[in-house]
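The next block holds one structure in the form of structure tokens; read it before the comments.
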Amino acid sequence: MTTTAATDSDGGGGGIRAVSRAWRVLRAFTPDRMSLGLADMVRETGLPRTTVLRLVETLAAEGLLEVGADGRIRVGTALISFAAFADAAWTVPAASLARMRALAAETGETVSLYVREGNRRVVVGQAPSPNTLRHAVQQGDELPMNLGSAAYMLLSLEPPAEREALITAIVTEAGGDPQALREGIALAADQGWSVSHGQREAGNSGLAVPVPHTGSRRPARTVVLALGGPTVRFTDDKIPEFVHAIHRCAEDIARIGLPPALY
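Per full-length UniProt numbering, the sequence shown starts with residue 1, numbered consecutively.
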């Protein structure tokens, strides 16, 4: 299934078209697709064959891709240093990760840190639930912003004057009901936390709170902390306990620290 062609702009937002297309080519590779043929690249990117050929040649010259004797295209060695840099920049500090794991043990649910990246939200840190039946997302996953507690919470933290434009852009890209999105954002802003049931996936619930700004080290963007798990465990009597526990954890993480790239 092609995902990049559907979600990436082609430089239409004021960026450089060639860079956007090159990024689309790189994103065709995943841990499950380390080697692609040219036809695979064309299908995954949605770009013309001649464009893919030129981009592959350029990226291979920079060491970001390589073309084997069999004609298949693979990731190049230049990505090793990028991976090491990204890991250093986005790794959650050990003490904060330990606090997230403690929350996962306390609540029995998966704990995730989210930031907004354009019209999507990205998982930048996670402590999985100790239960076999659990919420399944991974660090680096990108999820839509048109529904869900973490999306509502993130958008509620944006300046009110900018929210309507964001809602329009998000719904245009991912679909959904703009009025329902507005209502979810308004409720999150009013109560300081957000809960959702079965919106992104049937039988799955989420609860999110903001990570507050404390002291002189203010993160460069808003961050939310979220619990995720089966709806059967997010009962009405459990929600107040979850809200209290996750707020305490968010306050601790704000004091301990976030990934270096956020400062």
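All residues carry an ideal CB built from backbone N, CA and C; glycine is no exception.
Same chain only: Cβ atoms within 7 Å of residue i, ignoring 5 sequence neighbours per side
i, result
"G257", "P93 and S96"
"Q191", "none"
"L166", "L155 and E158"
Beta-carbon spacing of residue i, residue j below 9 Å
i, j, result
"residue 269", "S156", "Because the chain spans 1 through 263 in this model, residue 269 falls outside it and cannot be assessed."
"M100", "L113", "yes"
"L53", "L38", "yes"
"residue 322", "G229", "As displayed, the chain neither begins before 1 nor continues past 263, which places residue 322 out of reach and without an answer."
"W90", "P219", "no"
"A245", "L103", "yes"
"R221", "V115", "yes"
"residue 264", "L55", "Here the chain has residues from 1 to 263 only, and residue 264 is not among them."
CA nearest to the CA of residue i, picked from the options
i, options, result
"T231", "E183, H247, V211 and A202", "A202"
"T30", "T51, R74, P159 and E62", "R74"
"H135", "H197, R255, R33 and L79", "H197"
"S149", "N131, E183 and R24", "E183"
"E241", "I253, L227, A254 and D252", "L227"
"R72", "R116, S216 and M41", "M41"
"C249", "A88, V111 and V25", "V111"
"E57", "R121, V25 and I167", "V25"
Residue i beta carbon near the ligand ATP (any heavy atom closer than 8 Å)
i, result
"L64", "Among the components of this structure there are no ligands whatsoever, and the ligand ATP is therefore not found."
Exposure label - residue i; buried when at least 16 CB within 10 Å
i, result
"A6", "Its pLDDT being 38, under 50, A6 is placed unreliably in this model, and the value from its coordinates should be taken loosely. With fewer than 16 Cβ atoms within 10 Å of its Cβ, A6 is classed as exposed."
"L133", "exposed"
"E44", "buried"
"T2", "For T2, the predicted model reports a pLDDT of 39, less than 50, meaning its position is unreliable and no value from the coordinates is stated."
"Y152", "buried"
"P212", "exposed"
"I16", "exposed"
"T50", "exposed"
"P48", "exposed"
"G125", "buried"
"G175", "exposed"
"A127", "buried"
"R33", "exposed"
"G206", "buried"
"A84", "exposed"
"A28", "buried"
"A22", "buried"
Same chain, Cβ closer than 6 Å to residue i, neighbours up to 5 away in sequence not counted
i, result
"N119", "M145, A169, I170 and E173"
"D141", "V123"
"G76", "G63, L64, L65 and E66"
"A60", "E66 and V67"
Residues near residue i by beta carbon distance below 8 Å, same chain, minus five either side
i, result
"T214", "E251, A254 and R255"
"L187", "Y152 and S194"
"G108", "S129, P130, N131, G229 and R233"
"R200", "L143, P144, L147, G148 and G206"
"Q138", "V123 and Q126"
**Request:** State whether the region 158-166 contacts the region 233-251, with contact taken as three or more CB pairs (one from each stretch) at a distance under 8 Å.
**Result:** no
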